[in-house]
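Numbering (my numbering), first residue to last: 38 to 209.
Notes for the one structure printed next.
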Ligand SMILES: [Zn+2]
Ligand SMILES: [Zn+2]
């Protein structure tokens with residue numbers, strides 16, 4: 038979705054919903070790479086981030102409307118649902134929901150997420166003394182503060198690639 042279209046959609050949403058929602062002053066709307074959510078509202082910063090993987094204009098408007106509601110209702114409770122109902126009954130094509138399940142390409146977004154997850158770096162930490170090892174999703178930047186839980190030996194770590202990184206000894 039290009040910038041011009043996005044700007045047009047943002048203007049549509051803010052003018053169509055200005056009588057229902059309080060649009061915060063200085064609101065900024067950015068695009069993010071998220072696949073675990075389609076939109077996120079940063080209430081204190083007056084900021085909304087919308088996933089670049091959203092494809093249709095209506096989905097974009099629905100997600101933006103959802104995030105705008107959050108400036109009034111931080112959670113998805115009764116009040117939130119009432120705002121959804123009001124917006125959806127305007128007859129302007131909105132289908133604002135409390136979750137992302139109804140986004141038209143949500144399956145595609147979930148597939149991208151899975152792929153991202155499988156490409157994520159892992160790290161193996163191992164004990165130079167006894168061979169104990171463990172695989173972690175994140176690098177431990179304070180490894181020197183830790184010792185082997187089995188023998189108190191010194192630990193090392195390196196990037197771990199499934200099927201490629203050799204594991205010398207695995208103890209259970
Ligand atoms: Zn929400
Ligand atoms: Zn050890």
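Backbone N, C-alpha and C fix where the C-beta goes; we use that ideal spot for every residue, glycine too.
Around the beta carbon of residue 72, 16 or more other beta carbons sit within 10 angstroms, so the residue counts as buried.
For residue 190, the secondary structure class from DSSP, reduced to helix, strand or coil, is coil. Check the Cα spacing between residue 45 and each of 94, 119, 102, 58: the tightest is with 94. Taking one beta carbon from each stretch, the region 139 to 158 and the region 78 to 97 have 3 or more pairs nearer than 8 Å; the two touch.
Of the candidates 135, 152, 131, 131 places its Cα closest to the Cα of residue 49. Around the beta-carbon of residue 154, fewer than 16 other beta-carbon atoms lie within 10 Å, marking it exposed.
In this structure residue 42 is exposed. Its beta-carbon is surrounded by fewer than 16 other beta-carbon atoms within 10 angstroms.
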